[in-house]
Amino acid sequence: MNNLLESIPLIILLGVATYTDLQYRIIPDWLSGIGIGYFLIFRLFHNEQPFYYLLGVLIGAGLLYVFAVLKPDSFGGGDIKLMAVVGMALGWQQAMLFLIIMLTFAWLFAIAFKWARDGRKKLPLAPFYLTAYFLFIIGGI
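The sequence shown lines up with residues 1 to 141 when you count with UniProt numbering.
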């Protein structure tokens, strides 16, 4: 994802999601809707393989959805929809790598700061989405 028309909108979207998740503990549906719409249109007009990116939506968001069903309260709907945006932006292969990196950072943070022991069961994930994406940019993935 070297294109600024891809990177900048995703950074802005993940930044807003981070703010709302930290401040209000919610990732608005309208934010995910704008992201999905933008990247769907972007992919259609840039003559890329839309199926590759739609598969990113299904696999990325689908995995989080399965985890949420198997372990209720593990992921919120906003986290799942935000992963759908990332899947549409990155495609399925990069979305899988992104998901692994993002969840690893969240897990390490939760362990390092004993998140669950403090009585807080839900960790806001949007900051880890943003962190993982910055690693993608820095790493040239």
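Yeah, the Cβ is synthetic: ideal placement off N, Cα and C, and Gly gets one too. These figures come from a predicted structure and were not determined experimentally.
*Ordered along the chain, which non-local residues of its own chain (more than five positions away) have a Cβ less than 7 angstroms from that of residue 63?*
In the sequence shown, counting from the first residue as 1, residue 63 sits at position 63. Around residue 63: 99.
*What is the rounded straight-line gap between the Cα of residue 25 and the Cα of residue 31?*
The count along the sequence shown starts at 1 and reaches residue 25 at position 25. The count along the sequence shown starts at 1 and reaches residue 31 at position 31. Roughly 14 angstroms between the two C-alpha positions.
*For the candidate residues 23, 122, 27, whose alpha-carbon lies nearest to that of residue 106?*
On the sequence shown, residue 106 is found 106 positions in, with the first residue counted as 1. For the residues 23, 122, 27, the minimum Cα distance to residue 106 belongs to 122.
*Measure the alpha-carbon distance for residue 134 versus residue 104 and round it to whole angstroms.*
If you number the sequence shown from 1, residue 134 lands on position 134. If you number the sequence shown from 1, residue 104 lands on position 104. Distance between the alpha carbons of residue 134 and residue 104 is about 15 angstroms.
_For the structure I just gave you, are there three or more beta carbon pairs, one from the stretch 90–97 and one from the stretch 65–79, closer than 8 angstroms?_
Cβ pair count under 8 angstroms is below three, so no.
*What is the residue span of the alpha helix (DSSP H) that residue 43 lies within?*
Reading the sequence shown from its first residue, position 43 is the one you call residue 43. The continuous alpha helix (DSSP H) containing residue 43 extends over residues 29–45.
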